[in-house]
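Residue numbers (the working numbering), protein chains in the order written: chain A, 319 to 627; chain B, 350 to 621.
C-beta: ideal position from N, C-alpha, C; glycine also.
Computed from a predicted model, the values in this text were never measured in an experiment.
To keep things clear, I will list the structure first and then write my remarks on it.
If you want it as C-alpha cells, here you go:
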C-alpha cells in the first residue's frame, strides 16, 4: 500500500510534468522553425552589422591600417563639433523638414481628392501615385536633369518669355535636390494619408452635417483630426527617407550643399575612415530614432483620440 | 435662394480649382518620366527638349554598350535571388507571427520589421564593415544578402496584411478532415496567400533591381542603376533615356503579367 502510493507519487507527477512539456515543445517549435530562414539572414547580416558599427564607432582610424581597436569618444566629438560634419547634418535635417512639409501640404488635398472625390478617375490617379515607386529612380533623375538644367525645359521657357536674363540655377544646386526629392517622396506622404482618410466613418461626416456644421467646419473639426495619424505617419516616412537618400544629392545637388548620406559614403569609401564613418552613421541612427519616438509621443499626447483609431 | 445658388456656384468653382490642382500635381508626377521617354527617341546627343528630330540611335547605342548589358544581367540576377529568398523567408515569418502565440512574438515582429525604418545608409555601412567576418567580398552574394535585409521585412509586411482577412478555421477544417500539416499548407494556406506573396515578390524584385544605397557599398559598381549613375555623371546623353524607357516597359510588363496571373487565380477561385 505504502509502496504503491510511493510509486504513484513518483510516477504520476513525472507523467503529468512530461506531457505538457512535450506538448509545449511541439507547440513552441513551429513558430521558431518558421522564423528560422528570416532570422538566419537578419541576425548575421543586420543585427550583428549594427552592433559592430556601434563598436567600430569607438575605434580609432589609422592612416596606415584600416582601423585600430580602441575605446574613445574622439570620433563623436569630432563629428558633433567639426563644422564640415555639422553643416552636413544641418543641411540634411533642414532638407528633410522642408521636403516633409512640402509633400504633406501638397499631398493632403491630393489624397483627399483621391479617396473622396475622384470617382471614375480614382484608379488612374492611384496609378499616378504608384508610378514614381515603380519607375527606376535613375529614370526620374534623368528626366529632372533635362527639365531643370541651365539649358533645360524650365530655363529655355523662362528665357523665351523674357522673364529672366540668364538661366536660373536649379540643377546641381539646392533647388534641384528639392524638386527631385519632392517628386520621389510624394507617394510616401500621400499613401498613408489616403488610407487614414479612407478609414473615416462616413456616418461621422453625415452626423456633423446633420448637426448643422458646414463643409469647412466638418472638414476642420471632424475629417482633418481623424486623418492626422496618416499625416504623422507620412511625415515620419518622408523625413527618414530624405535623411538617408544619396542618389538625389549626388546626381542633382552639388558639393556646396553637403548632405549627410553622401558624406558618410565619402568618409567610408573615399577616405577609408571606417571609425568616423561609423560614428556618423550612429549619430544619424540616433537622430532618426529620436525623431520617430518624439513625434509619435507628442502626437499621442496632443491627439488622444488617435489611440482608438 | 440666391445665396444658395451663390454657394453652389462657389462650390463648383472650388471643385474646378480642386480639379486644376490635382491635374497640376499629376503633371508634376509624370513630367520627368514622360520627358525621359520622349528624349530617348531624340536625334541629337544634347539633352534638348523637345528633340529636334527623331531616331532610334540611342536604343542601338544602349544595346551595344557592354556596361549596360552586363549591368542589366547582373541586376536581374541579384533581384531574382533576392525575390526568391525574401519570399520564402518573409512568408514563413509572417505565418509564424500571425498563426502562433509564443513568448517573444512582439519582439520578433519588431525586429523583423526594423530594417524598414532604419536609414539604408546605416545598414549598408554596417554590412560593409562586417563582410570580412564571413569572408564575403563585395559583389553578387554581398548584394543579395544586403538586399534581402530590406526584402524580407517587405514580404512579411505584405503577407501579414493579406493574413489580416484570413480565416484560420479553414486550416482547422482541413486538419480535422485528415489532411496532413504539409498538405494543409500546400492546398489551403499557400493558395489563399498567393496574391500577397506575388505582390511581395514583384515589389521586392523591383526594389532590389532599383537599389542604389546598398549596392553602392556592397558591389563593385556593376549593377545597372550604378552603371547608369556613372554614365549620367560623366556623359549625360540620351542612351540613358533609352535604357530608362526599356526599364519602364520592363516594370510595366512585370506588373501586367502578374496582374493577369492574379486575375486568373481569382477566376479559378470563383469557379470553385
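Report task. Would you list, in chain order, the members of the segment 582-599 of chain A that have their beta-carbon closer than 8 Å to a beta-carbon of chain B? Result -> Answer set for the segment 582-599 of chain A: 582, 583, 586, 587, 592, 595, 596 and 599.
Query raised in the report: Is residue 353 of chain A closer than 8 Å to residue 442 of chain B when the C-beta atoms are compared?
Result: Contact check for residue 442 of chain B against residue 353 of chain A passes: the beta carbons are separated by less than 8 Å.
Requested in this report: Determine the contact status of residue 459 of chain A and residue 571 of chain A, defining contact as a CB-CB distance below 8 Å.
Outcome: Residue 459 of chain A is not a Cβ neighbour of residue 571 of chain A, given a cutoff of 8 Å.
**Report entry** residue 467 of chain B versus residue 503 of chain A: straight-line alpha-carbon distance, rounded
**Finding:** Spanning the two alpha carbons is a distance of roughly 16 Å.
Query raised in the report: In whole angstroms, what separates the C-alpha of residue 481 of chain A from that of residue 487 of chain A?
Result: CA-CA distance, residue 481 of chain A to residue 487 of chain A, rounds to 14 Å.
Query raised in the report: If you draw a straight line from the alpha carbon of residue 608 of chain B to that of residue 485 of chain B, how long is it in whole angstroms?
Result: Taking the CA atoms as reference points, residue 608 of chain B sits about 37 Å from residue 485 of chain B.
Query raised in the report: Using CA coordinates, which residue listed in A:418, A:558, A:453 and A:581 is at the minimum distance from residue 567 of chain A?
Result: Cα-wise, what sits closest to residue 567 of chain A is A:581.
Report task. Just mark residue 585 of chain A as buried or exposed, buried being the case when its beta carbon has 16 or more other beta carbons within 10 Å. Result -> Residue 585 of chain A is buried by the Cβ-count criterion.
Requested in this report: Measure the Cβ-Cβ separation of residue 437 of chain B and residue 349 of chain A and say whether it is below 8 Å.
Outcome: Taking a C-beta distance under 8 Å as the contact criterion, residue 437 of chain B and residue 349 of chain A do not qualify as a contact pair.
Query - Whole-angstrom distance between residue 443 of chain A and residue 604 of chain B, CA atom to CA atom - result: Pairing residue 604 of chain B with residue 443 of chain A, the inter-Cα distance amounts to about 17 Å.
Query raised in the report: For the segment 454-473 of chain A, which residues have a beta carbon sitting closer than 8 Å to at least one beta carbon of chain B?
Result: Of all residues in the segment 454-473 of chain A, 454, 455, 456, 457, 458, 459, 460, 461, 462, 463, 464, 465, 467, 469, 470 and 471 have a Cβ within less than 8 Å of some Cβ in chain B.
Report task. Taking only the alpha-carbon atoms, compute the straight-line gap between residue 332 of chain A and residue 452 of chain B and give it to the nearest angstrom. Result -> Residue placement at residue 332 of chain A is flagged as unreliable, the pLDDT there being 40, under the threshold of 50; the coordinate-derived value follows with that caveat. When only Cα atoms are considered, residue 332 of chain A and residue 452 of chain B end up about 25 Å apart.
Query - Segments assigned alpha helix (DSSP H), at least 4 residues, entirely inside the segment 460-497 of chain B - result: 469-479, all fully within the segment 460-497 of chain B.
Report task. To the nearest angstrom, report how far apart residue 616 of chain A and residue 482 of chain B are at their CA atoms. Result -> Using only the alpha carbons, I get a separation of about 41 Å.
Query raised in the report: Quick check: the segment 387-403 of chain A against the segment 586-595 of chain A, are there 3 or more CB pairs under 8 Å?
Result: Enough Cβ pairs lie closer than 8 Å, so yes.
Query raised in the report: Quick one, which of A:539, A:506, A:501 and A:529 has its alpha-carbon nearest residue 518 of chain A's?
Result: Looking from the CA of residue 518 of chain A, the closest CA among A:539, A:506, A:501 and A:529 belongs to A:539.
Requested in this report: Compare the C-beta of residue 544 of chain A with all C-beta atoms of chain B and state if any pair is closer than 8 Å.
Outcome: Residue contact check for residue 544 of chain A against chain B: no CB pair falls below 8 Å.
Query raised in the report: Which residues of chain B have a Cβ atom closer than 7 Å to the Cβ of residue 409 of chain A, listed in chain order?
Result: For residue 409 of chain A, none of the residues of chain B pass the 7 Å Cβ criterion, the least Cβ distance being about 15 Å.
Query raised in the report: What's the C-alpha gap between residue 394 of chain B and residue 505 of chain A?
Result: Near 32 Å, if we compare the C-alpha coordinates of residue 505 of chain A and residue 394 of chain B.
Report task. Answer yes or no: do residue 378 of chain B and residue 450 of chain A have a C-beta to C-beta separation smaller than 8 Å? Result -> If you check the CB distance, residue 378 of chain B and residue 450 of chain A come in under 8 Å.
Query raised in the report: Touch check for the segment 487-497 of chain B and the segment 422-434 of chain B: three-plus C-beta pairs under 8 Å?
Result: With a cut-off of 8 Å, the segment 422-434 of chain B and the segment 487-497 of chain B count as touching, because enough Cβ pairs lie within range.
Query raised in the report: Helix, strand or coil: which one does DSSP assign to residue 405 of chain B?
Result: If DSSP states are grouped into helix, strand and coil, residue 405 of chain B belongs with coil.
Query raised in the report: Using a C-beta to C-beta distance shorter than 9 Å, which residues of chain A count as neighbours of residue 400 of chain B?
Result: The premise fails here: residue 400 of chain B is roughly 10 Å from chain A at the closest Cβ pair, so nothing lies under 9 Å.
Query - Sufficient close CB pairs (3 or more, under 8 Å) joining the segment 536-545 of chain B to the segment 505-514 of chain B - result: The segment 536-545 of chain B, when compared against the segment 505-514 of chain B, does touch it at the 8 Å Cβ threshold.
Requested in this report: Specify the secondary structure class of residue 385 of chain A as computed by DSSP and reduced to three states.
Outcome: Residue 385 of chain A: strand per DSSP, three-state reduction.
Report task. Quick one: list the residues of chain A neighbouring residue 478 of chain B, beta-carbon separation under 9 Å, in chain order. Result -> Result: 367, 370, 371, 374, 385, 586, 592, 595 and 596.
Query raised in the report: DSSP three-state call for residue 391 of chain B: helix, strand or coil?
Result: The answer is strand: DSSP assigns residue 391 of chain B an E or B state.
Report task. Put residue 397 of chain B into one of helix, strand or coil per three-state DSSP. Result -> Residue 397 of chain B: coil per DSSP, three-state reduction.
Query raised in the report: Under a three-way DSSP split, which group does residue 617 of chain B fall into?
Result: With a pLDDT of 49 at residue 617 of chain B, under the threshold of 50, the modelled position of that residue is not reliable, and no figure is offered here.
Query raised in the report: Under a Cβ-count criterion, where at least 16 other Cβ atoms within 10 Å of its own Cβ denotes burial, should residue 431 of chain B be classed as buried or exposed?
Result: Buried is the call here.
Query raised in the report: In the structure shown, what three-state DSSP assignment does residue 378 of chain A receive?
Result: Residue 378 of chain A: strand per DSSP, three-state reduction.
Query raised in the report: Where does residue 560 of chain B sit, in a helix, a strand or coil, going by DSSP?
Result: In the three-state DSSP reduction, residue 560 of chain B falls in the coil class, being neither helix nor strand.
**Report entry** is_contact[residue 377 of chain B, chain A] using C-beta, thresh 8 Å
**Finding:** Chain A contact via Cβ: present.
Query raised in the report: Exposed or buried, which one is residue 470 of chain A when buried takes at least 16 other CB atoms within 10 Å?
Result: Classification for residue 470 of chain A: buried.
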